[in-house]
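What follows is a set of notes on a single structure, which appears directly below.
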Amino acid sequence: MIFLFSLIFLASFLLTPAHTHLLHQRDFDPSKIADDAVWEKLKCKGAALLSSIHSSTNPQSIWKGDLKHELSTWGYKEGYASYINCDMKGYWGVETACKALGLDTRPKMMGGPNLCYNFQHYDAGAGVPASKQEYEVDGKKYRVTGAELQIAVNPSGGVIFQQYVTSPMTAAKDLWNRDPALNELPELRALSDIMWGAWNRDNPDVKKIRYFWVQGVGNTQTKAVIARSLKNVGKQLELWPGTTFGMDSDEGLAMLGRCISENLLGRLGAGSDDSRADHIGVGSANAACFGFFLGMHQAELGRLTIDKVQVFKSESSSNPDPDLLFYVQEDTG
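Residues -20 to -1, 1 to 313 in mature numbering (1 follows the signal peptide of the UniProt record, and there is no 0) are what the sequence shown spells out, letter by letter.
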């Protein structure tokens, strides 16, 4: 049975768009550090997001529950999610970290709790290229964007794993060869909302969110921020437990702020879903979306915040890129 699933996974891999296979750039270089201008900007953005997360007056997301119907309505297909991507020991090489955190490394198919999801904003089985595919909502036709979001969840352990994501906005730029207008994109497009839908599946206690885990950071600027953070404290990228930065440090704030785009400052307070349109980047440390996840679902989660981030590398020799583990705790402020 496992062999059969492996063959299906291979066939799916070979037939999907080439950009969906670029899981990691695999080029972490500790000498490539963020410059002063980038560093200062990201610290400020991180502080702004952290302040917004703490607010008790945040607008709440309109997207509720498992979002199965809503995802289908807005043109998403659930692609084959290989059990391999939920094997934290054999595939991701993070067994030591999982043991330290009390987490099971096994995918559900092997008796564990880890569930994999692959959301594709195109139809891989349509028989026509994604560039020509359309879908219709309320009488209006939209083009698919080619976006793909691969995540995993461990409900009992309280973890959401971000493995590979490309946003509808970023993917549409590549697929359409132009910048998309916001009204051309699916209304359901923010990674924080799609993560929320996955988190609500097969999960009896959605309040039990303890960690956001970015696996194999590939984004160049994110890695430059990580490199500078490690240099600041005289550390190198190391195996678990690696190096921990609190959100009371410049380094923690810079990593939290890394993925907040120019139009996101004050986003939570403004309550505009459009301002989240491009908060997902390819393989980046999307700490911003974790903040949105917590801040815009306070009705379901209560007041939670991000306390610290742990930076380390996996035990897999084929993946030298950093992992980022963000810790969630109750907001008592």
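Where is the CB? At the ideal position from N, CA and C, for every residue including glycine.
* Can you give the Cα-Cα distance for R256 and P39, rounded to whole angstroms? -> Within the sequence shown, residue 256 is the residue found at index 276, counting from 1. Within the sequence shown, residue 39 is the residue found at index 59, counting from 1. Caution is warranted here: a pLDDT of 44 is assigned to R256, below 50, making its placement in the model unreliable, and the coordinate value is therefore given only provisionally. About 13 Å.
* Considering only C-alpha positions, which residue in the set F141, I13 and M276 is nearest to Y307? -> Translated into positions along the sequence shown, residue 307 becomes position 327. Comparing Cα-Cα distances from Y307 to each of F141, I13 and M276, the minimum goes to F141.
* Can you have a look at K48 and say buried or exposed, based on whether 16 or more other CB atoms are within 10 angstroms of its CB? => Numbered from its first residue, the sequence shown carries residue 48 at position 68. K48 is exposed by the Cβ-count criterion.
* Starting from L129, follow its DSSP beta bridges and name the residues at the other end. => Locating residue 129 in the sequence shown gives position 149, counting from the first residue. Looking at the DSSP assignment, L129 forms a beta bridge with F99 and V145.
* Asked: Looking at the unbroken beta strand (DSSP E) that takes in residue 326, where does it start and where does it end?
  -> Coverage of the chain is limited to positions -20 through 313, which leaves residue 326 absent and any answer about it impossible.
* Reduced DSSP secondary structure (H/G/I, E/B, other) of I206 -> The count along the sequence shown starts at 1 and reaches residue 206 at position 226. The answer is helix: DSSP assigns I206 an H, G or I state.
* To do: Identify every residue that forms a DSSP beta bridge with W193.
  => As a working mapping, residue 193 is identified with position 213 in the sequence shown. F141 and L305.
* Cβ pair V117, W54 closer than 8 Å -> By 1-based counting over the sequence shown, the position of residue 117 is 137. By 1-based counting over the sequence shown, the position of residue 54 is 74. Judged by their CB atoms, V117 and W54 are nearer to each other than the 8 Å cut-off.
* Could you tell me whether the Cβ atoms of C96 and N134 are closer together than 8 Å? => As a position in the sequence shown, residue 96 is number 116, starting the count at 1. As a position in the sequence shown, residue 134 is number 154, starting the count at 1. The answer is no: Cβ separation not under 8 Å.
* Asked: According to DSSP, what are the bridge partners of R123?
  -> Here residue 123 is taken as the residue at index 143 of the sequence shown, counted from 1. DSSP, once it has assigned bridges, lists E114 as partnering R123.
* To do: Under 8 Å Cβ to Cβ from G82, same chain only, skipping five residues before and after it: list those, please.
  => Position 102 of the sequence shown, counting from 1, holds the residue named residue 82. Counting only Cβ-Cβ distances below 8 Å, and skipping sequence neighbours, we find G137.
* Kindly indicate which three-state DSSP category L165 falls into: helix, strand or coil? => To locate residue 165, count along the sequence shown from 1; it is residue 185. In the three-state DSSP reduction, L165 falls in the coil class, being neither helix nor strand.
* In whole angstroms, what is the alpha-carbon distance linking G313 and A234? -> In the sequence shown, the residue the question calls residue 313 occupies position 333. In the sequence shown, the residue the question calls residue 234 occupies position 254. Each residue's alpha carbon lies about 21 Å from the other.
* I286, enclosing alpha helix (DSSP H) - first and last residue -> Indexing the sequence shown from 1 puts residue 286 at position 306. Unbroken run through I286 is the beta strand (DSSP E), L284 to K293; no alpha helix (DSSP H).
* Asked: How about the segment 276 to 289 and the segment 187 to 194: do they share at least three Cβ pairs that are nearer than 8 Å?
  -> As far as the Cβ criterion goes, the segment 276 to 289 touches the segment 187 to 194, which means the pair count is three or higher.
* **Neighbour-count burial assignment, Q143, 16 or more Cβ in a 10 Å radius** => Working through the sequence shown from its first residue, we reach residue 143 at position 163. The Cβ neighbour count for Q143, taken over all protein chains shown within 10 Å, is at least 16; the residue is labelled buried.
* **Range covered by the alpha helix (DSSP H) that runs through F273** => The residue you call residue 273 lines up with position 293 of the sequence shown. First-last of the alpha helix (DSSP H) with F273: A267 to G275.
* May I ask you to verify whether the segment 8 to 16 touches the segment 124 to 131, counting CB pairs closer than 8 Å and requiring at least 3? => Below 8 Å, too few C-beta pairs join the segment 8 to 16 and the segment 124 to 131 to call them touching: fewer than three.
* By Cβ distance below 6 Å, which residues in the same chain neighbour Q309 in space, the five residues on each side in sequence not counted? -> On the sequence shown, residue 309 is found 329 positions in, with the first residue counted as 1. The residues are D287.
* To do: Report the three-state DSSP secondary structure of T150 (helix, strand or coil).
  => Taking the first residue of the sequence shown as 1, we reach residue 150 at position 170. If DSSP states are grouped into helix, strand and coil, T150 belongs with the helices.
* Collapsed DSSP secondary structure at K45 in the structure displayed -> Stepping through the sequence shown from its first residue, residue 45 is reached at position 65. Here the sequence assigns Gly to residue 45, which means Lys is not the residue at that position. Coil at G45, not helix or strand.
* Asked: Is DSSP giving N212 helix, strand or coil here?
  -> Along the sequence shown, read from residue 1 onward, the residue named residue 212 stands at position 232. Helix at N212.
* To do: Work out the CA separation of K120 and P302 for me, nearest whole Å.
  => Residue mapping note: residue 302 aligns to position 322 of the sequence shown, counting from 1. Residue mapping note: residue 120 aligns to position 140 of the sequence shown, counting from 1. Distance between the alpha carbons of P302 and K120 is about 42 Å.
* residue 344: buried (16+ other C-beta within 10 angstroms of its C-beta) or exposed? -> Residue coverage of the chain in this structure runs from -20 to 313, which leaves residue 344 outside it and unanswerable.
* If you draw a straight line from the alpha carbon of T202 to that of Q195, how long is it in whole angstroms? -> On the sequence shown, residue 202 is found 222 positions in, with the first residue counted as 1. On the sequence shown, residue 195 is found 215 positions in, with the first residue counted as 1. Cα to Cα, the separation comes out at about 13 Å.
* **Nonlocal neighbours in the same chain, by C-beta distance under 7 Å from N183, ignoring five residues either side** => Locating residue 183 in the sequence shown gives position 203, where the first residue counts as 1. Answer for N183: P135, listed in chain order.
* Would you check if there are 3 or more beta carbon pairs closer than 8 Å linking the segment 211 to 225 to the segment 21 to 38? => No, because fewer than three Cβ pairs between the segment 211 to 225 and the segment 21 to 38 fall closer than 8 Å, the two stretches do not touch.
* **Sequence-distant residues of its chain with Cβ nearer than 8 Å to K23 (five each side left out)** => Position 43 of the sequence shown, counting from 1, holds the residue named residue 23. These residues qualify, in order along the chain: D230, L233, A234 and G237.
* How would you write the range of the beta strand (DSSP E) that T224 sits in, first residue to last? -> The residue given as residue 224 occupies position 244 in the sequence shown. T223 to G226 is the span of the beta strand (DSSP E), which, as asked, contains T224.
* To do: Compute the beta-carbon to beta-carbon distance between D46 and G226, rounded to the nearest angstrom, for a pair I have assumed lies under 8 Å.
  => Position 66 of the sequence shown, counting from 1, holds the residue named residue 46. Position 246 of the sequence shown, counting from 1, holds the residue named residue 226. D46 to G226, Cβ: 34 Å. No contact.
* Cβ shell of P(-4) (< 7 Å), same chain only, five flanking positions each side left out -> Walking along the sequence shown from the start, residue -4 turns up at place 17. With a pLDDT of 40 at P(-4), under the threshold of 50, the modelled position of this residue cannot be trusted, and the question is left open.
* Asked: Which residues does DSSP pair with E58 in a beta bridge?
  -> To locate residue 58, count along the sequence shown from 1; it is residue 78. In DSSP, E58 forms a bridge with F99.
* Asked: Where DSSP assigns a beta bridge to L219, which residues make up the other side?
  -> Working through the sequence shown from its first residue, we reach residue 219 at position 239. Bridge partners of L219 according to DSSP: K293.
* In the DSSP assignment, what residue or residues form a beta bridge with P87? -> Along the sequence shown, read from residue 1 onward, the residue named residue 87 stands at position 107. N94, per the DSSP bridge assignment.
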